[in-house]
Each structure stands twice: as structure tokens, then as C-alpha cells.
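These notes are about the structure you will find just below.
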Amino acid sequence: MQIRLNPVTLITGAGSGIGAGCARELARKSTGGLLLADIDEAALSLVADELDLAGVSPERVSTLAFDVSDIDRWGQAAAFIQAQYGRLDWALVNTNTAHAQAVAESDLVDWGRTTSTQLEATIQSLRTIMPLMAKNNQGGAIVVTTSAAAIKAEPLPHNSGPGLLQVMRAASREAAHSNVRINAIAPGGPTTPMWNEMPWFQDLVRDHGNENTALEEISHLARPLARYGAGADVNRLILMLLAEEGPITGATLVVDGGGSL
């Protein structure tokens, strides 16, 4: 898919995984500005350096190192976006966590960390991004990332996923009058650093010798299509949701090979 527009795009969680992959994809397929945000400044710098080496003009790329659950820092980010680019067209709100724990073994500290990372950060992101896009007469598009596990009976952190999807749906209804579309993508098993950090997956890698063999083994057991949604699949579909100008809003696109069926 070739993007002919030059959208100004904000990507949170851009230091690794889906966020970094989406930044690479947009750098190749658009000519617009890229604002990369992450709490990890070193990781952001590595992604920006990678884009520079790939021939992306440094003038296109800005990095914002901050905690996206901090509303005060969002105010500073909004001021920067307005001053630097004058508008915001697209955004990937990507605020997931790899902390996983059974409900009976969790405590309020775990719960607070999960909801802060996912729910609160998503709400703070949307409440800043939506007004910025509303100022743009051409509207905008937002994609919120969650997990396919958000629509299943799963333990922490996935039990905050349904709440995140409800926030997305409510926001999509509010933003529609400004021609801002908001949708969610729910991957199941892309090979990202967050996925690789899961203790159960690390156990599988030890049992099977390497990550590819472990993924192949469990995909045949748990996925009707016998494969997971790879990072490239997820990136391509995120761009589709951002670029599609049809009446699609408030929807959740599950990319998990049928594992949530």
C-alpha cells in the first residue's frame, strides 16, 4: 500500500515493537512528519538513528521522551506538535505492558501499574490528540493498540483490555463530529520484545531451542490458520486503518490467526 498524502503522525511506544515497526513502515511509505514518543529516550534515539541511516530526512523525525500517562507532559507535547508542524493528522496510541500475572496472585500495586500503563495512558493520549486533530479541517485518524487477549478470559494485564476498547469506542463516537476516526487493532502473538519477555514464552523457547520453532509449535496448536499475526502484518493493517478514508470508526481489528475464536 502506497500512501500519497504527507500526514503528520504521532506514534507512542515508538522505541520498540509495534511502535518502532510502524515508524519504519510510515517512513518508507509517506513523506510526512513523524513524531516518535516513548518513555525510553535511548530506545527512541536508536530508532531515529536507524531511520536516518535508511535515508529518512532528519527534518521529518522528532522524538519526544516522556511518560504518556503524565497529563502535564502531554501539554508540553501538544505545544511542541503545534509549533513544529501546525497540525496532527494520524496517531498510533500504543501503550501496552508485558507484566502478566494471574488474578488470584495479583495485588493492588500490580493492578495500578497495569491500569496506569494501559488505561490511564490511553485516556491521557486521546484527550490530547483528539482536540489537536479537531483543529485540522481535514479530520484525522487514530489507531489504539491492545491485544487479542483483551476479548478473551485472560489474566493481568489483559483484563484492562476490554476497558481500553470501551474507551476507544466512546472516544470514536465523540470524535466523529470532527471527522476523526478512532479504531483499535488487537494483535495476537507478533514477535515483539514485549511478547518475547513473557515468562511462558521464554519457557517455550528453552523447550524448543529457538523463538521461531516455539512460535511454529504453539501456532499449530492454538491458531486455526496455524500462524500468528506477524509484526509486518500488524504494521500493514495499522496503516490501512490510518489511511482508509471510509466510514470505519469504533471498530476493533483482531490479527491473531483466529486464536480468539
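Residues 0 to 260 in numbering that gives the first Met the number 0 are what the sequence shown lists, from first letter to last. All residues carry an ideal CB built from backbone N, CA and C; glycine is no exception. The model shown is predicted, which means the values in this text are computed figures rather than measured ones.
Asked                                                                                                                                                           : Found
Quick one: residues in its chain with C-beta nearer than 6 Å to the C-beta of A47, no 5 flanking neighbours on either side, listed in chain order?              : V60, T62
When burial is assigned at 16 or more other CB atoms within 10 Å of the CB, is M0 buried or exposed?                                                            : Residue placement at M0 cannot be trusted, given a pLDDT of 48 that sits under 50; what the coordinates show is reported in the next sentence. Result: exposed.
What does a CB cutoff of less than 7 Å around G14 pick up in its chain, not counting 5 residues either side in sequence?                                        : D37, D39, A42, L43, V46
On the DSSP bridge list, what partners appear for W89?                                                                                                          : T8, A140
DSSP state of N234, grouped into three classes?                                                                                                                 : helix
If you check the beta carbons only, do A149 and A174 fall under 8 Å apart?                                                                                      : no
Reducing DSSP to helix, strand and coil, say where I247 ends up.                                                                                                : coil
Do V92 and T11 count as a contact pair if the criterion is CB distance below 8 Å?                                                                               : yes
Among residues of its own chain, excluding the 5 on either side of S68, which ones have a beta-carbon nearer than 6 Å to its beta-carbon?                       : S115, E119, A120, Q123
Can you find at least 3 beta carbon pairs, one from the stretch 132–145 and one from the stretch 23–34, that sit closer than 8 Å?                               : no
Suppose the cutoff is 7 Å on Cβ atoms and the five residues either side in sequence are ignored; what does the same chain contact list for G208 look like?      : none
Look at G20 and G230 and say whether their C-beta atoms are less than 8 Å apart.                                                                                : yes
On the three-state DSSP scale, how would you describe S146?                                                                                                     : coil
Count the other CB atoms, across all protein chains shown, that sit within 10 Å of the CB of D71; report buried if there are 16 or more and exposed otherwise.  : exposed
Residues in the same chain with beta-carbon distance under 7 Å from V233, minus the five sequence neighbours each way, listed in chain order, please.           : I17, I184, P186, P189, V254
Please report how far the alpha carbon of L87 lies from the alpha carbon of P57, in whole angstroms.                                                            : 18 Å
Give the DSSP bridge partners of L33, in chain order.                                                                                                           : T8, V60
What is the rounded straight-line gap between the Cα of A78 and the Cα of K134?                                                                                 : 13 Å
Are the Cβ atoms of M261 and V166 separated by less than 8 Å?                                                                                                   : Limits of the chain in this structure are 0 at one end and 260 at the other, which puts residue 261 out of reach.
Can you look up I184 in the DSSP assignment and give me helix, strand or coil?                                                                                  : strand
Based on the DSSP secondary-structure assignment, which residues constitute the bridge partners of L252?                                                        : I184
Pick from G162, Y84, S159, R172: whose alpha carbon is nearest that of L131?                                                                                    : Y84
Could you spell out the range, first to last residue, of the alpha helix (DSSP H) harbouring E173?                                                              : 160–174
So, for G74: in the same chain, excluding its five sequence neighbours on each side, which residues have a beta-carbon less than 8 Å away from its beta-carbon? : T127
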